[in-house]
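Colleague:
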């Protein structure tokens, strides 16, 4: 054992030996570097002139005769304090000393360096660039040209230090805004990444004190378990607790699609009200109409024609020739996607536009023998196709409204739903296929919003100044809606009055509680009669005045109207906030899917779920001017 230890000590001693550079080597770096010593096969010590060794940390660097740049870089990076005061001479004529080189290098902890690093991080987050972008030769060259003194941090530094800090900063800002909000609603939906990982995304929508709507993506969390209502409820509960939504002191509305597991999840999470996404509802109603047998067969015939022209380059060329001869737009036929009802509408519309060119092309000499199994639509089919387009156009218009609105609030649902229901009324001139399609759409749409859900939609529309007349409802229904609103206003007005806390509400931190002021004798005797009448009268006066307001343009922003008029309706405006902060669709969370597709792409399919959450969060919430 002793011999072994001695041998080990001798080896270590040899490895630690450094032979000074020859006196002819004039560069200042040789004050800090020498040549390494090793042993040859015979055990003799040999000076290895291909490797230099740092006298401070014993790091070995490869040496190319006459080139000391790598040693200078090592000293600048790792030992600036060792040589900054000693190196004052020039190495060669026209070259700078290491001290001068060091003076042109920006320290990592300087304000300028940190600012540049932050801007690079914001660029990566906002433009959906990978972390490896900082290692790109072209990117480094660009940064060096813009700021030669900046030393680019490593990829690991960005992913492990810069981005987590940027996430924490942004999260604190979002949480502060959530705490300052007066009402809140969330949307949620699930999606699957390219790497077949399942995620649940939650977005929040809040109305600030100045009637300004703010939307945030709170989190995108992986859900490795099955998508049952109970499992999704745990994600919702965790999000509510993590973001402090349970301490806001107001109800939290949730907007999801119509899936049964989402209904169970919202109920299990004890959130309310639960609003079904209107865009998803329209999709389901349209799909129900398109599944009618006669309509499905009609779509199948149109689909076969479109597929024929998509498969054959010859057929496409012939169709283009016929389009030009008939002075029709040179458009390709469209093939629908089964899961997208609007694509079926687009397919039929395009076919009707090009039906003359299609018929002429199929009867041409070039295609007649190839298209024997392809049938064009007869007169009755064309009539049904035209009626189908008219029916679906009303739903398309409603969908367009939801997309065009900057902030589509829940108040849109009731009037748009009524408009679609009116357009689905059967007519004596309807064919059997069209009548069945209307019935299927109407039934599916009506079943989605009933009872308390329908009442909630009506109340939200009444609190939107654009729809306050409730023209889509009967006079009796309008009265009932405003009676319910008056009742809620009275309850809300009572809730905001100061009250004595229940003993169960007190804890050790409430020692500074000040008891309520003692009531006046007359107030104690008659307050229950006269005060309640006064409150009720004030509420009714607000409602009466609101109903007599001048008509508001449908293009007006309801939030802006309430911001300008909230002072005149203090109680009603407070109630309006709780309704108008709720979006009509869950599209905000669904829009994350496209962002996620750009982040978790083919080149980044192995991105960790925590980084997926971080990058989506920063992309959607990072504020840059």
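Residue numbers (our numbering): 401 to 1025.
Glycine included, every Cβ here is placed at the ideal spot set by N, Cα and C.
Bear in mind that the values here come from a model prediction, so they are computed numbers and not experimental data.
Quick one: what's residue 619 bridged to in DSSP?
Modeller: Position 219 of the chain shown, counted from the first residue, corresponds to residue 619. Partner(s): 602.
Colleague: How many Å lie between residue 645 and residue 623 at the Cα?
Modeller: If you number the chain shown from 1, residue 645 lands on position 245. If you number the chain shown from 1, residue 623 lands on position 223. Roughly 21 Å separates the two Cα atoms.
Colleague: Going by CA-CA distance only, name the one from 795, 601, 428 that's closest to residue 472.
Modeller: As a first step, residue 472 must be located in the chain shown, where it is residue number 72. Residue 428 is the option with its Cα nearest to residue 472.
Colleague: Classify residue 464 as helix, strand or coil using the three-state DSSP reduction.
Modeller: As a first step, residue 464 must be located in the chain shown, where it is residue number 64. Of the three classes helix, strand and coil, the one that applies to residue 464 here is strand, per DSSP.
Colleague: Is the separation between the beta-carbon of residue 708 and that of residue 774 shorter than 8 Å?
Modeller: In the chain shown, counting from the first residue as 1, residue 708 sits at position 308. In the chain shown, counting from the first residue as 1, residue 774 sits at position 374. Less than 8 Å separates the beta-carbon of residue 708 from that of residue 774.
Colleague: Whole angstroms are fine: how far does the CA of residue 972 sit from the CA of residue 648?
Modeller: Here residue 648 corresponds to residue number 248 of the chain shown, with the count starting at 1. Here residue 972 corresponds to residue number 572 of the chain shown, with the count starting at 1. Distance between the alpha carbons of residue 648 and residue 972 is about 20 Å.
Colleague: Taking the alpha carbon of residue 866 as the reference point, which residue from 941, 947, 641 has its own alpha carbon closest?
Modeller: Within the chain shown, residue 866 is the residue found at index 466, counting from 1. Closest by alpha carbon: 947.
Colleague: Going along the chain, which unbroken runs of the beta strand (DSSP E) with 3 or more residues stay wholly within the region 528-590?
Modeller: none
Colleague: Mapping the DSSP letters down to three states, classify residue 608 as helix, strand or coil.
Modeller: Along the chain shown, read from residue 1 onward, the residue named residue 608 stands at position 208. In the structure shown, residue 608 sits in coil (DSSP, three-state: anything other than H, G, I, E or B).
Colleague: Using beta-carbon positions only, say whether residue 850 and residue 873 come within less than 8 Å of one another.
Modeller: Position 450 of the chain shown holds residue 850. Position 473 of the chain shown holds residue 873. Taking 8 Å as the Cβ cut-off, residue 850 and residue 873 do not qualify as a contacting pair.
Colleague: For my contact list, residue 1017 and residue 718 are in at a C-beta cut-off of 8 Å; report their separation, rounded to the angstrom.
Modeller: The residue you call residue 1017 lines up with position 617 of the chain shown. The residue you call residue 718 lines up with position 318 of the chain shown. No, residue 1017 and residue 718 are not in contact; Cβ-Cβ is about 52 Å, not under 8 Å.
Colleague: Would you mind sorting residue 714 into buried or exposed? The rule is 16 or more other CB atoms within 10 Å of its CB.
Modeller: Counted from its first residue, the chain shown places residue 714 at position 314. By the neighbour-count rule (16 or more Cβ atoms within 10 Å), residue 714 is not buried but exposed.
Colleague: Cutting at 8 Å between CB atoms, please list the residues of its own chain near residue 702, excluding the five before and the five after it.
Modeller: Looking up residue 702 in the chain shown gives position 302. For residue 702, where only same-chain residues beyond five positions count, the Cβ hits under 8 Å are 747, 748, 751, 777, 785.
Colleague: Report the rounded CA-to-CA distance for residue 1021 versus residue 1012, giving the unit in angstroms.
Modeller: The count along the chain shown starts at 1 and reaches residue 1021 at position 621. The count along the chain shown starts at 1 and reaches residue 1012 at position 612. Computed Cα separation, rounded: 14 Å.
Colleague: Look up residue 457 in the DSSP assignment and say whether it is helix, strand or coil.
Modeller: Translated into positions along the chain shown, residue 457 becomes position 57. In the structure shown, residue 457 sits in coil (DSSP, three-state: anything other than H, G, I, E or B).
Colleague: Taking the alpha-carbon positions, what's the residue 489 to residue 426 distance?
Modeller: Numbered from its first residue, the chain shown carries residue 489 at position 89. Numbered from its first residue, the chain shown carries residue 426 at position 26. Because the pLDDT of residue 489 is 42, which lies under 50, any placement of that residue in the model is unreliable, and the question is left without a value.
Colleague: Under DSSP, the beta strand (DSSP E) around residue 438 begins and ends at which residues?
Modeller: In the chain shown, counting from the first residue as 1, residue 438 sits at position 38. Here the beta strand (DSSP E) through residue 438 covers 433-439.
Colleague: Just the C-alpha distance for residue 904 and residue 643, rounded to the nearest angstrom, thanks.
Modeller: Position 504 of the chain shown holds residue 904. Position 243 of the chain shown holds residue 643. Here residue 904 scores only 38 on pLDDT, less than 50, and its place in the model should not be relied on; the value that follows carries that caveat. Those two C-alpha atoms are separated by around 25 Å.
Colleague: Here's a check: name, in chain order, each residue in its chain whose Cβ is nearer than 8 Å to the Cβ of residue 495, leaving out the five neighbours to either side.
Modeller: Counting from 1 along the chain shown, the entry for residue 495 is found at position 95. For residue 495, the predicted structure reports a pLDDT of 46, less than 50, and the residue's modelled location is therefore unreliable. A value from the coordinates is still provided. Counting only Cβ-Cβ distances below 8 Å, and skipping sequence neighbours, we find nothing.
Colleague: With the cut-off set at 8 Å, would you say residue 720 and residue 705 are in Cβ contact?
Modeller: Your numbering for residue 720 matches position 320 in the chain shown. Your numbering for residue 705 matches position 305 in the chain shown. The answer is no: Cβ separation not under 8 Å.
Colleague: Are the Cβ atoms of residue 576 and residue 606 separated by less than 8 Å?
Modeller: By 1-based counting over the chain shown, the position of residue 576 is 176. By 1-based counting over the chain shown, the position of residue 606 is 206. In this structure, residue 606 does not lie closer than 8 Å to residue 576 by Cβ.
Colleague: Below 8 Å on the Cβ atoms is my contact criterion, and I expect residue 864 with residue 779 to pass it. Report the Cβ-Cβ distance as a whole number of Å.
Modeller: Taking the chain shown and counting its residues from 1, the one referred to as residue 864 is at position 464. Taking the chain shown and counting its residues from 1, the one referred to as residue 779 is at position 379. Rounded, the Cβ-Cβ distance is 45 Å, inconsistent with contact.
Colleague: Which of the three DSSP states is assigned to residue 655 in this structure?
Modeller: On the chain shown, residue 655 is found 255 positions in, with the first residue counted as 1. Note: residue 655 maps to strand in three-state DSSP.
Colleague: My output table needs one value for residue 477: the three-state DSSP class, helix, strand or coil.
Modeller: If you number the chain shown from 1, residue 477 lands on position 77. In this structure, residue 477 counts as helix in the three-state DSSP scheme.
Colleague: Leaving out five residues before and five after residue 892 in sequence, what residues of the same chain have Cβ atoms less than 8 Å from its Cβ?
Modeller: Counting from 1 along the chain shown, the entry for residue 892 is found at position 492. So the qualifying residues of the chain are 971, 974, 975.
Colleague: Looking only at C-alpha atoms, which of 450, 882, 454 sits nearest to residue 464?
Modeller: Position 64 of the chain shown, counted from the first residue, corresponds to residue 464. It is 450 whose Cα lies nearest to the Cα of residue 464.
Colleague: So, is residue 983 buried or exposed, given that buried needs 16 or more other C-beta atoms within 10 angstroms?
Modeller: Against the chain shown, residue 983 aligns to sequence position 583. When all chains shown are included, residue 983 counts as buried.
Colleague: Identify every residue that forms a DSSP beta bridge with residue 614.
Modeller: Position 214 of the chain shown, counted from the start, is the residue given in the question as residue 614. When beta bridges are read from the DSSP output, residue 614 appears opposite 606.
Colleague: Which full runs of the alpha helix (DSSP H) of 4+ residues lie inside the region 637-717, going along the chain?
Modeller: 660-668, 678-690, 693-711
Colleague: Indicate, with yes or no, if the ligand COA has a heavy atom lying under 7 Å from the CB of residue 592.
Modeller: Ligands are entirely absent from the displayed structure, and the ligand COA is therefore not among its contents.
Colleague: Between which two residues does the beta strand (DSSP E) containing residue 419 stretch?
Modeller: Sequence index remark: in the chain shown, residue 419 carries index 19 (1-based). Its beta strand (DSSP E) spans residues 418-420.
Colleague: In the structure shown, what three-state DSSP assignment does residue 446 receive?
Modeller: One-based indexing of the chain shown puts residue 446 at position 46. Note: residue 446 maps to strand in three-state DSSP.
Colleague: Spell out the partners DSSP gives residue 451 in its beta bridges.
Modeller: Here residue 451 is taken as the residue at index 51 of the chain shown, counted from 1. Partner(s): 462.
Colleague: What first and last residue would you give for the alpha helix (DSSP H) that runs through residue 626?
Modeller: In the chain shown, the residue the question calls residue 626 occupies position 226. Where residue 626 is concerned, there is no enclosing alpha helix (DSSP H), because DSSP gives it neither an H nor an E.
Colleague: Relative to the C-alpha of residue 589, which candidate in 658, 803, 543 has its C-alpha closest?
Modeller: To locate residue 589, count along the chain shown from 1; it is residue 189. Closest option to residue 589, Cα to Cα, is 658.
Colleague: At the level of alpha carbons, what is the spacing between residue 418 and residue 434?
Modeller: By 1-based counting over the chain shown, the position of residue 418 is 18. By 1-based counting over the chain shown, the position of residue 434 is 34. Roughly 6 Å between the two C-alpha positions.
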